[in-house]
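Peer 1: Chains as they are written, first to last, in my numbering: chain A, 36 to 246; chain B, 36 to 246.
Number of protein chains: 2
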Amino acid sequence: MNLQELKSSYGHIFEAALINEIMQSGTYKEIPEGQTMMEIGDYIKTMPLIISGAIKILREDSEGDELLLYYLEKGDTCSITMSCCLGQQRSEIRAIAEMDTQLILVPVGKMEEWTKTYKSWRNFVFESYHNRINELLSTLDKVVFNQMDQRLIQYLKEKVRINKSTIVKNTHQEIAYDLYTSRVVISRLLKKLEQMGKIELHRSYVKIIEL
Amino acid sequence: MNLQELKSSYGHIFEAALINEIMQSGTYKEIPEGQTMMEIGDYIKTMPLIISGAIKILREDSEGDELLLYYLEKGDTCSITMSCCLGQQRSEIRAIAEMDTQLILVPVGKMEEWTKTYKSWRNFVFESYHNRINELLSTLDKVVFNQMDQRLIQYLKEKVRINKSTIVKNTHQEIAYDLYTSRVVISRLLKKLEQMGKIELHRSYVKIIEL
DNA sequence: GTCAAAGTGTAACTTAAGATACTGTAGATA
DNA sequence: TATCTACAGTATCTTAAGTTACACTTTGAC
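1) Beta carbon of Ile86 (chain B), beta carbon of Leu41 (chain B): below 9 Å?
2) Please state the DSSP three-state secondary structure of Glu193 (chain B).
3) For a contact meaning CB atoms closer than 8 Å, what does Val178 (chain A) contact in chain B?
4) Here's the rule: buried if 16 or more other CB atoms are within 10 angstroms of the residue's CB, otherwise exposed. What is Pro83 (chain A)?
5) Could you tell me if Gln137 (chain B) is buried or exposed, where buried requires 16 or more neighbouring beta carbons within 10 angstroms of its beta carbon?
6) For Leu214 (chain A), which of helix, strand or coil comes out of DSSP?
7) Measuring only the C-alpha atoms, how far is Tyr153 (chain A) from Phe49 (chain A)?
8) If you measure beta-carbon to beta-carbon, which residues of the region 123 to 137 of chain A are closer than 9 Å to chain B?
9) What did DSSP end up calling Gln182 (chain B) once you bin it into helix, strand or coil?
10) Leaving aside the five residues before and after Asp184 (chain A) along the sequence, list all residues of the same chain whose C-beta is less than 6 Å from its C-beta, in chain order.
11) Given a threshold of 16 other Cβ atoms within 10 Å of its Cβ, counted over all protein chains shown, does Met231 (chain A) qualify as buried or as exposed?
12) Whose CA, out of A:Leu107, A:Ala51, A:Ile57, A:Ser97, lies closest to the CA of Phe180 (chain B)?
13) Counting only the same chain and skipping the five closest in sequence on each side, list residues whose C-beta sits under 7 Å from that of Leu228 (chain A).
14) Less than 9 Å between the C-beta atoms of Ile191 (chain A) and Leu104 (chain A), yes or no?
15) Along chain B, which residues have their Cβ under 8 Å away from the Cβ of Ser114 (chain A)?
16) At a Cβ cut of 8 Å, what residues of the region 209 to 236 of chain B count as close to chain A, listed as they run along the chain?
17) Taking the C-alpha atoms as reference points, what is the distance between Leu175 (chain A) and Glu95 (chain A)?
18) Helix or strand or just coil, what does DSSP make of Tyr153 (chain B)?
19) I'd like the span of the beta strand (DSSP E) that includes Glu235 (chain A), first residue to last.
20) State the CB to CB distance for the pair Ile197 (chain A) and Glu147 (chain A), rounded to an integer number of angstroms; the pair is presumed to be in contact (CB under 8 Å).
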C-alpha cells in the first residue's frame, strides 16, 4: 500500500498512529471502471476508504430495476456499509466503480476497536453518517420534487463534475437505468436538450455544452 | 421527570450510571398532538429521546409542499438531529407530534461527553444512525418504486400501526400533504378503495376494514 | 464483405396524476 | 334559524411519462 496516497487523502483527519494502524490492517485495492464491488444481499466484512476515483451506489426494486443514490469519492466511506456491519445485515445496496478507483479495505472488527481508541476515527464515522444522511435527503429531494427533465440535467451535471470531463460516456439506456426510467424517455428528453443547444448527441456519448 | 418511564424505555440499553446522567441533564417534556417541535432552519441545541407517543418527520420542497419521511416512536431518537448538531447545521427537516408524546431533551454538549464515556451510548447512537438510514432507504423505495395507490395503502397501514386504531383521523387534504400530492388525487384513490370494500369513508376520518 | 447486435430516432398510443372548477353537505358559529 | 366554512365528490381537461413498435445506423465479430 502506498503511504503517501493514504496520507494525502486521510492524513489531515486521522492522527499518525491511526494511519499506521490502517496501513497494517487495511488492504489496498484497485478497482477497474465498471466492476461491481458489492451486490445486494452480500455479507459485508470490510469497509472501504476511498483514496481516488468514484463509486456509484445503487438501489434496486423488486423487478431488478435500479436507482442511482449517490457517488462516493476521495475521502468518503460508505455509511450504509457501516450501518450494515453493525447490524450484521446483508447489503441493502449495490456498489459499482464509476471509474478506476483506489481504496483501502478495513476489516469490520477493527472498526469497533478504533471507535474506542481514536477520537479522530469516531469523528470520521459520525461525519460519514452525517454526509450519507444528507446525500440521501438530497437524493430524495431530487427524485420526489423534480420532473424527469430536471433530474436528467442534474444527472448530467453530476457526471461532468465526477468525471471531470464534458464528455459523458454513457448510452441512453445506461442513463435510463440510473434514473429509473425507460430509454425512450431519456432519448426524448436528450433530444430536447440538444435542440436547445445545451448538449450534443453522439453514439454512446453526450457532449455537454452548457447546462 | 419520571424515572420509571425512562427506565422502561431505555433501561435495557443504557447502564444505570447513564440513566442517572440523563435524569440529571435531560429535560422531561410532554408535547401535545399536532404541535410542531422543530422547524426547517431551526438551530438544534437538544436531542430528543422519545418515551411514548410518535413524531412525524417531514421534508419540504422550495414551494413549501411536504413529504412525510417517517415516524419516530418509543426508544427512537432523531439521527438527522444528531447529524445536524455535529455539523452545527440548521435543521433539514420539520418534526410534528403525531399524537401526545413524552420525551426527554438532552443538551447537545452531553452527547459528545457520553460518546467518550459510555459504550452503551455509542452503540445507541450508531444504532440510531443505522435505523434512520434504513428508514430513509425504505422511504425512497416507497416513493420511487410505487405508484400513488400503493403509497396510499402503505400510508394508511402505517397510520393504523402507529395510532393503534383502525380509525384514521385525517382529512383527504392532510393525507395529500403527507404524500406530496393533491387532495383530488387522494379523494379519487380513497373512493376506489372504498368501492373495493377495503375502507369506509366518513367526514374527517377513514375507517380501515382490511388493506 | 456479411451479418448480428447495439444504439438511436421517432411515431402512436395509454395511463397516472396534476389542475381547475363546480356541486353538495356536515358542522360550527353567530 | 341563517350563514359560513371546511370537507368531500366528481367531471373535464392537460400533461409527463410509460409502452410498444419499427426504421435506420454504427460497430464489431465472423
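Virtual Cβ for every residue (Gly too), placed ideally from N, Cα, C.
This structure is a prediction, so every number in the text was calculated from the model and none was measured.
Peer 2: In terms of the structure at hand:
1) yes
2) helix
3) Leu175, Val178, Val179
4) buried
5) buried
6) coil
7) 9 Å
8) Gln124, Glu127, Ile128
9) coil
10) Leu224
11) exposed
12) A:Ser97
13) Ile234
14) Rather than Ile, the amino acid found at residue 191 (chain A) in this sequence is Leu. No.
15) Tyr164, Ile168
16) Tyr215
17) 15 Å
18) coil
19) 234 to 237
20) Between Glu147 (chain A) and Ile197 (chain A) the Cβ distance is about 32 Å, and since that is not below 8 Å, they are no contact.
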